[in-house]
Each structure stands twice: as structure tokens, then as C-alpha cells.
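One structure is given here, and the rest of the page talks about it.
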Amino acid sequence: GQSLEQPSEVTAVEGAIVQINCTYQTSGFYGLSWYQQHDGGAPTFLSYNALDGLEETGRFSSFLSRSDSYGYLLLQELQMKDSASYFCAVSYYNQGGKLIFGQGTELSVKP
Amino acid sequence: DGGITQSPKYLFRKEGQNVTLSCEQNLNHDAMYWYRQDPGQGLRLIYYSQIVNDFQKGDIAEGYSVSREKKESFPLTVTSAQKNPTAFYLCASSRASGAQETQYFGPGTRLLVL
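Each protein sequence line maps, in turn, to chains A and B.
For the first sequence, the positions run -13 to 97 when the numbering used here is used.
For the second sequence, the positions run 7 to 120 when the numbering used here is used.
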């Protein structure tokens, strides 16, 4: 089957670094994406890993290791506005861009 | 400004009623998607369309129907066969249907059953 697992909640303080893990039990996927969703809002794209390794975009970085069936999103210099839900998602080649989402991690940033 | 819009923001359905959720995009994207989100859950794919006049079922298509008569529009009908329709519905689009394409989401429609 296809499933992705993320922690349901993570709490951190402003200015800190937090890592949100995503483990998966699926094969043959093309890439791993991360989306951010503020409460009641539309998800927005953060990062995409097609290859193993680290992708950096400003304060956010994402990592993928296919051999370990594992990825993570790293958020640095946390700000209050980073409080949101974060979803990992896998996409499959030749399946019309179909995304399979994890259940999301709710990040709370405290002062 | 280019973007993706959904209407209405809130929708109330009576028992046995069909309701249609609107999704429009002016991004000139070929691919469009409908997802359902339940509280504290991830997004589950209902239907997707890679190109005009073509669409495929996602993981939870039962009780839903779609059409793709125009490139910019992908309405979703929640039929009376959908016994648990209360959820947050999100429409998305992407430039093409490749696995590496970023999906852009609309603001969503909350459907509630009276």
C-alpha cells in the first residue's frame, strides 16, 4: 500500500530550528513534496525533492533519502508566522501528477 | 492577477440534495484536481483532469462527479450518494500533469449538511 507518516504535532520556540520527519511505505514514487497550510487556508507549495539529498530555499530546507524511505523538512530561524500544518506528499510518474498526502504535522511556534 | 478561485466559501446541503462546487483558474494550467480534507487529516484526491474533456477518478471518487468542458473550469458535484459529505474541499491546478509539477490551491469550500 501507499502511506506516509508524520508526527501529528511539534512545538518549538521563536528563533529555533525544527525538523519535521516524513517516513513512507511506498515504492516507485517520483518525488517528495512539502506543503504548508495555515488554519482554514489553502495549502501552498514549499519544496520538492526528486533526488536524494538536501534542497534549500531560504529558511526552509528539505531532505530525501530513498534508501532509508525517509524525508524531512527543516525550518530555521522560526517565526510566529510559521505556525501552521505541514504536509509531505509523494507524486508518481505517469499518474497525472497525482499526489498522496501524509496526515500533516501541526507546528506551534511559541514566543 | 492570476490565480485559482473557488465558490462558495461555505455551502449547506440538505439530505438527498446534489450540490456543485465551483473551481476556476486563469493560470492557463492544463491539469486540475479536487481534494477532500477532513479535520486533522491530510488531503485525499477525489478526481483529477490532465486536459480538457478528460478526467480520472482519484482515491475517493464514489458519490462525486466532475466535468471539464473548459480549460479554466473544473466543477465538482457532490451527489446524494455521498453519505458523509461534510468536509473542506480544495481545488488545485498545475501547469501540466507531470509528477514534478507544483500544485496551486484555491481557498477551499466548506460543505456542511443541514
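Glycine included, C-beta positions come from ideal geometry on N, C-alpha and C.
- Taking the C-alpha atoms as reference points, what is the distance between residue 38 of chain A and residue 11 of chain A? As a position in the first sequence, residue 38 of chain A is number 52, starting the count at 1. As a position in the first sequence, residue 11 of chain A is number 25, starting the count at 1. Answer to the nearest angstrom: the Cα atoms are 17 Å apart.
### Message
With H, G and I counted as helix, E and B as strand and the rest as coil, what does DSSP make of residue 67 of chain A?
### Response
Here residue 67 of chain A is taken as the residue at index 81 of the first sequence, counted from 1. Correct three-state label for residue 67 of chain A: helix.
Original post:
Is DSSP giving residue 78 of chain B helix, strand or coil here?
Top reply: Along the second sequence, read from residue 1 onward, the residue named residue 78 of chain B stands at position 72. Correct three-state label for residue 78 of chain B: coil.
Closer than 8 Å, CB to CB, is residue 69 of chain B near chain A or not? Taking the second sequence and counting its residues from 1, the one referred to as residue 69 of chain B is at position 63. Chain A, which has no Cβ nearer than 8 Å to the Cβ of residue 69 of chain B, makes this no.
Practice task
With a cut-off of 8 Å on the beta carbons, I'd call residue 37 of chain B and residue 57 of chain A a contact; round off their distance for me.
Solution key: Position 31 of the second sequence holds residue 37 of chain B. Position 71 of the first sequence holds residue 57 of chain A. At roughly 24 Å, the Cβ-Cβ gap does not stay under 8 Å, so residue 37 of chain B and residue 57 of chain A are not in contact.
Here's the rule I'm using: 16 or more other beta-carbon atoms within 10 Å means buried, otherwise exposed. How should residue 94 of chain A be labelled? Residue mapping note: residue 94 of chain A aligns to position 108 of the first sequence, counting from 1. Classification of residue 94 of chain A: exposed, given that the 10 Å Cβ count is below 16.
If you measure beta-carbon to beta-carbon, which residues of the segment 36 to 70 of chain B are closer than 9 Å to chain A? 37, 39, 41, 43, 46, 47, 48, 49, 50, 51, 54, 55, 56, 62, 64 and 65
Given residue 91 of chain B as reference, the closest of B/61, B/58 and B/26 once Cα atoms are compared:
Reading the second sequence from its first residue, position 85 is the one you call residue 91 of chain B. Minimum Cα distance to residue 91 of chain B is reached at B/26.
Exercise. Just the C-alpha distance for residue 29 of chain A and residue 40 of chain B, rounded to the nearest angstrom, thanks.
Key: The residue given as residue 29 of chain A occupies position 43 in the first sequence. The residue given as residue 40 of chain B occupies position 34 in the second sequence. Their backbone Cα atoms lie some 13 Å apart in a straight line.
Is the Cβ-Cβ distance between residue 40 of chain A and residue 3 of chain A less than 8 Å? Here residue 40 of chain A refers to the residue found at position 54 when the first sequence is read from its first residue. Here residue 3 of chain A refers to the residue found at position 17 when the first sequence is read from its first residue. For residue 40 of chain A and residue 3 of chain A, no; Cβs fall outside 8 Å.
Return the residues of the segment 99 to 116 of chain B that lie within a Cβ-Cβ distance of less than 7 Å from chain A, sorted by chain order. 100, 103, 104, 105, 106, 107, 108, 109, 111, 112, 113 and 114
### Message
Tell me the rounded alpha-carbon separation between residue 92 of chain A and residue 117 of chain B.
### Response
Stepping through the first sequence from its first residue, residue 92 of chain A is reached at position 106. Stepping through the second sequence from its first residue, residue 117 of chain B is reached at position 111. When rounded, the distance between both Cα atoms is 23 Å.
DSSP has residue 21 of chain A in a bridge; who is on the other side? The residue labelled residue 21 of chain A in the question sits at position 35 within the first sequence. Partner(s): A/31 and A/73.
| Min CB distance residue 96 of chain B to chain A below 8 Å | The count along the second sequence starts at 1 and reaches residue 96 of chain B at position 90. For residue 96 of chain B, the answer is yes, since a Cβ of chain A falls inside 8 Å of its Cβ.
| said: Residues in the same chain with beta-carbon distance under 6 Å from residue -11 of chain A, minus the five sequence neighbours each way, listed in chain order, please. | reply: The residue labelled residue -11 of chain A in the question sits at position 3 within the first sequence. These residues qualify, in order along the chain: 11.
Contacts that residue 84 of chain A makes with chain B (C-beta to C-beta distance below 9 Å): Mapped onto the first sequence, residue 84 of chain A falls at position 98. What residue 84 of chain A touches in chain B: 39, 51, 54, 62, 64, 65, 103 and 105.
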